Amino acid sequence: MRLTLRRRVTSTALIIGLFLCWELACVVFKVSPIVLPRPSEIIWALWTNMPALWPHVLQTLYTTILGFALGILAGVLLGVLVGSSPLAYDVANPLLIGFASIPKVAVVPILILWFGSGTIPAVISAMINCLFPIVVNVATGLATVEPELDDFMRTLQASRMDRLINVGLPRTMPYFFASLKVSVTLAFVGTVISETIASNRGIGNVMMTASASFEVALVFAGLFILAALGVALYAIFAMIEARLTGWAHRGDPQSH
Amino acid sequence: MNARPTPLVSLQDVTCTFGSGERTTVALTSTDLDIAKGDFVALVGPSGCGKSTILKLVAGLINPASGLVLVKGREIGAEPIRIGMAFQNPTLLPWLSIRQNVMMPLKIVPPFRQEYRAKRKTTFRDRAEALLAQVGLTGFGDRFPWELSGGMLQRASLCRALVHDPELLMLDEPFGALDQFTREELWEIMQTLWLDRKPTVLLVTHDLKEAAYLAKRICVMKPRPGRIVEIRDVGFAHPRDMALTFTPEFTDLTQELRNAIIAVRKNGKAPA
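These protein sequences, in sequence, are chains R and E. Going by the working numbering, the first sequence opens with residue 10, and the numbers climb by one from there. Going by the working numbering, the second sequence opens with residue 11, and the numbers climb by one from there.
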């Protein structure tokens, strides 16, 4: 317990220290606030603009969570399909890697072409951005079930569905949750990309507008908000992971 | 047609190969073996002699390249048979408690699966607990696999293999990774369980003492290509006592088995 406390204190000190260095560097080297605003200016911009920013925060959060939920759904389905047999895994892998290597920024114009501007392309952009880590991890978890475990289930004449529900999916949970932590931050990236290109709402849009009018402190305030939201969602999923997959880390699932 | 009852499992001139083309390995060739209901057959031999292949054939996990595998007189898969299996590695599911692990076959195998929802907290739970008690794991039902030692996991694995009253119990070196004392203790437990329930047992092992202590019949196998070279009846009456293993009759038997295996190893060395 003392050890985790010490780590948390050090972690917080690192963040504060970074901001102090930043502040100090800006003052010492006389950096223009149009190039790099000081953290104090950013926080001030954040504070004074909060009432105006708040609806945009909610919009980005809503879009991200919706896209993320759809991404989980699609990702698990695809992952189960791909991971269900070694054949499917080998056949689908090149296609998956191909899709995963496309920069998702390049897809957003197509989405706008299809769905117009606004929330829908942002949701879809969030979804495809967070999809692949989930697919790959779920498929890997299923494809690497120990052969003996599979033999055991097959001697019981367990159907494919029985094996999936009782062995495959539970065993895949640690892989799945590990991917969720990564994916949720990627979903934010997807949302913001789409918002900066074609939307009149959301943090991405706020940052674009602010940068057009040289309100650099506000642009950075947007970044701070995104970072904070990302950390918060990451923490939530890390907590759910620890609760549900404690067995994989030799922790007692009841005591977490 | 036949005066003798149909054997539970029958291998007739079975050949089994892995791979294809130039890299084909013949794992098993012209193998005949009848296993009667209630029999306890041990397969012994050096590694690569196809012991586990026979197990997998009978379990229906692999298909023979030629020959017949019959279960209850019919082609495998035609007649339903309840099979229990335990491996050298206990393979318990780490996310389930020991009791849930033991109850897994009841969740899968008919006729138990139809009643699983209704009985999992009453009859089936008691059934699992009774088995756990028989192997000395009373009070460990709620623990998780990583909290138990290797010997305890193997006991639980035996319970899981037996909980659905299998007609055929297959043991693939289940005591191989244990220390001597735990192993001997588990032999005694295994014998008691077998005498209690009388499943038909097929045991793969390379421990000759284990084979001679537990089995009614011992098949000595040779490698490259794998085949059965000798089938020995073990005459000692059940239940057998651990003291039996120190009698001259017993040590003579293991010595003979040992010599047989050394002989086939020498012959097996020459490329076929």
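Beta carbons are placed, not taken as given, at the ideal position from N, Cα and C, and that holds for glycine. Every value quoted in this text rests on a predicted model; they were computed, and no experiment measured them.
Burial state of residue i, where buried means 16 or more other Cβ atoms lie within 10 Å
| i | result |
| --- | --- |
| I65 (chain R) | Per the sequence shown, the amino acid found at residue 65 (chain R) is His instead of Ile. With 16 or more Cβ atoms within 10 Å of its Cβ, H65 (chain R) is classed as buried. |
| S264 (chain R) | For S264 (chain R), the predicted structure reports a pLDDT of 41, less than 50, and the residue's modelled location is therefore unreliable. The matter cannot be settled from this model. |
| E89 (chain E) | exposed |
| R47 (chain R) | buried |
| I108 (chain E) | buried |
| G213 (chain R) | buried |
| K66 (chain E) | buried |
| V37 (chain R) | exposed |
| G22 (chain R) | A small correction: the amino acid at residue 22 (chain R) is Ala; Gly does not occupy that position in the sequence shown. Result: exposed. |
| L12 (chain R) | exposed |
| T133 (chain E) | exposed |
| I249 (chain R) | exposed |
| I241 (chain E) | exposed |
| D217 (chain E) | buried |
| I93 (chain E) | buried |
| K39 (chain R) | exposed |
| C229 (chain E) | buried |
| D152 (chain E) | exposed |
| K276 (chain E) | exposed |
| E85 (chain E) | exposed |
Separation of residue j from residue i, as counted between CA atoms
| i | j | result |
| --- | --- | --- |
| W197 (chain E) | L224 (chain E) | 7 Å |
| D145 (chain E) | P258 (chain E) | Asp is not the amino acid found at residue 145 (chain E); the sequence shown has Val there. Computed Cα separation, rounded: 30 Å. |
| A219 (chain R) | Y243 (chain R) | 27 Å |
| L235 (chain R) | P142 (chain R) | 20 Å |
| N175 (chain R) | D206 (chain E) | 30 Å |
| S188 (chain R) | A196 (chain R) | 12 Å |
| N111 (chain E) | F150 (chain E) | 12 Å |
| A109 (chain R) | I121 (chain R) | 20 Å |
| T255 (chain E) | P233 (chain E) | 27 Å |
| L263 (chain E) | L179 (chain E) | 25 Å |
| D160 (chain R) | G150 (chain R) | 17 Å |
| D251 (chain E) | A221 (chain E) | 14 Å |
| Y98 (chain R) | V154 (chain R) | 13 Å |
| R237 (chain E) | H248 (chain E) | 28 Å |
| H174 (chain E) | C139 (chain R) | 44 Å |
| V274 (chain E) | L38 (chain E) | 15 Å |
| V244 (chain E) | M231 (chain E) | 16 Å |
| R137 (chain E) | M114 (chain E) | 12 Å |
| Y71 (chain R) | F186 (chain R) | 21 Å |
| V91 (chain R) | V201 (chain R) | 29 Å |
| G160 (chain E) | L188 (chain E) | 7 Å |
| N209 (chain R) | V228 (chain R) | 15 Å |
| A280 (chain E) | R268 (chain E) | Here A280 (chain E) scores only 45 on pLDDT, less than 50, and its place in the model is too uncertain to base an answer on. |
| L181 (chain E) | A171 (chain E) | 9 Å |
Cβ-based neighbour list, residue i, same chain, cut-off 7 Å, excluding 5 preceding and 5 following
| i | result |
| --- | --- |
| M182 (chain R) | L253 and T254 |
| K117 (chain E) | R123 and Y126 |
| K47 (chain E) | L18 and T210 |
| G55 (chain R) | In the sequence under discussion, the amino acid at residue 55 (chain R) is Leu, which differs from the Gly named in the question. Once the five neighbours on either side are set aside, the close Cβ partners of L55 (chain R) are A230 and F233. |
| T202 (chain E) | none |
| D42 (chain E) | L21, Q22 and D23 |
| D44 (chain E) | P17 and S20 |
Cβ-based neighbour list, residue i, same chain, cut-off 6 Å, excluding 5 preceding and 5 following
| i | result |
| --- | --- |
| S203 (chain R) | V117, P130, A131 and S134 |
| G83 (chain E) | T16 |
| L75 (chain R) | V132 |
| R172 (chain R) | M162 |
| G186 (chain E) | Q98 |
| V36 (chain E) | T27 and P235 |
| T205 (chain R) | G213 and M217 |
| I199 (chain E) | V145 |
| A226 (chain R) | P46, E50, I51 and A54 |
Neighbourhood of residue i by C-beta distance below 8 Å, restricted to the same chain and skipping five residues each side
| i | result |
| --- | --- |
| I137 (chain R) | G80, K113, V116 and G199 |
| S49 (chain R) | E32 |
| T34 (chain E) | T27 and F28 |
| T101 (chain E) | S167 |
| I72 (chain E) | C26, T63 and K66 |
Query raised in the report: Residue ranges of each beta strand (DSSP E) run of no fewer than 3 residues wholly in the region 15 to 68 of chain E, ordered along the chain?
Result: 19 to 28, 35 to 45 and 50 to 54
Query raised in the report: Which of the residues in the region 175 to 195 of chain R, read from start to end, lie with their CB under 9 Å from any CB of chain E?
Result: N175, V176, P179, R180 and M182
**Report entry** Members of the region 137 to 163 of chain R that neighbour chain E once the beta carbon cut-off is set at 8 Å
**Finding:** For the region 137 to 163 of chain R, the set of positions with a beta-carbon nearer than 8 Å to some beta-carbon of chain E reads E155, E157, L158, D160, F161, M162 and R163 in chain order.
Requested in this report: Please list the residues of the region 93 to 113 of chain R that have a C-beta atom closer than 8 Å to any C-beta atom in chain E, keeping them in chain order.
Outcome: Listed by position, the residues of the region 93 to 113 of chain R near chain E (Cβ gap below 8 Å) amount to none.
Query - Within the region 197 to 254 of chain R, ranges of the alpha helix (DSSP H) (whole runs, at least 4 residues) - result: 212 to 221 and 225 to 253
Requested in this report: Scan the region 70 to 97 of chain E for residues whose Cβ lies nearer than 7 Å to a Cβ of chain R and list them as they occur along the chain.
Outcome: L71, I93, M95 and F97
Query - beta strand (DSSP E) runs wholly inside the region 157 to 202 of chain E, at least 3 long, in chain order - result: 178 to 182
Report task. Enumerate, from N- to C-terminal direction, the unbroken alpha helix (DSSP H) stretches of 4 or more residues contained entirely within the region 55 to 126 of chain R. Result -> Listed in chain order, they are 59 to 92, 95 to 110 and 117 to 124.
Requested in this report: Write down every uninterrupted run of the beta strand (DSSP E) in the region 216 to 275 of chain E whose length is 3 residues or greater and which is fully enclosed by it, in chain order.
Outcome: 227 to 232 and 237 to 243
Query raised in the report: Going along the region 137 to 159 of chain E in order, which residues come within less than 9 Å of chain R, judged by CB to CB distance?
Result: F154, P155, W156 and E157
Query - Where the region 103 to 121 of chain E meets chain R: residues whose CB sits under 9 Å from a CB there - result: Correct list: L103, P104, W105, L106, M114, P115, K117, I118, V119 and P120.
Query - Cβ-based contacts, 8 Å cut-off: residues of the region 29 to 43 of chain E near chain R - result: none
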